[in-house]
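Here's the structure we're looking at; comments come further down.
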Amino acid sequence: MNDQRRLETDLESKKYEEKEFTERMQDDQQSLEKMQSFTVSMSSSRHAYRLQHTGIPKLTVVHPLLASPEIGDPGVFLFKLLDKANRELKRYSHVNKKALDQFVSHSEEKEKLLKRKEELDKAHQAIIDLMNALDHQKYEAITLTFKQVLQHCLIF
Numbered sequence: 001m002n003d004q005r006r007l008e009t010d011l012e013s014k015k016y017e018e019k020e021f022t023e024r025m026q027d028d029q030q031s032l033e034k035m036q037s038f039t040v041s042m043s044s045s046r047h048a049y050r051l052q053h054t055g056i057p058k059l060t061v062v063h064p065l066l067a068s069p070e071i072g073d074p075g076v077f078l079f080k081l082l083d084k085a086n087r088e089l090k091r092y093s094h095v096n097k098k099a100l101d102q103f104v105s106h107s108e109e110k111e112k113l114l115k116r117k118e119e120l121d122k123a124h125q126a127i128i129d130l131m132n133a134l135d136h137q138k139y140e141a142i143t144l145t146f147k148q149v150l151q152h153c154l155i156f
């Protein structure tokens, strides 16, 4: 019984963790969507402002660092910036992998716990059936004994 309770509490805690992960992912997704819509909105507003005030669409904007004469070739500078950004992102790549690994392991553990719970439920039902059968046999034995005693009493 203690094992079953422990497994049930483990199952509940894993369900709770899974729910928290799901909620966190949904919150992050909503935040991302808000940021994307804001970016699109600001981009279209900026484009409309340029058209309104300059009369012609401005196709490119030169970053101030790219326009400085110390930089040299802007293409090389951009590749260096891109490489630096990619290196920074690699530092955090393990986070997504770890979250995915945790999700998979929790899902597998959940399946194992559910199977174990089914086994325990079947065993529990078998024990109850056995107890009922033994109670019935006990009742029949008591009834038979009572009838035999009654017959003996009637004979005398």
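Residue numbers 1 to 156, in the UniProt record's numbering, belong to the letters of the sequence shown in order. In this text, a Cβ means the ideal position worked out from N, Cα and C, and glycines have one as well.
Asked                                                                                                                                        : Found
For R116, report the span of its alpha helix (DSSP H) as first-last.                                                                         : S93 to I155
Write down the C-beta distance between K110 and K14 rounded to the nearest angstrom, noting that I regard them as a contact closer than 8 Å. : 5 Å
Does the count of Cβ pairs from the segment 117-125 and the segment 2-17 closer than 8 Å reach three?                                        : yes
When you compare the CB positions of E12 and F103, do they come within less than 9 Å of one another, or not?                                 : no
Can you tell me which of the three DSSP states M1 falls into?                                                                                : coil
Compare the Cα-Cα distances from Y16 to each of V76, S107, S43 and M1 and report the closest residue.                                        : S107
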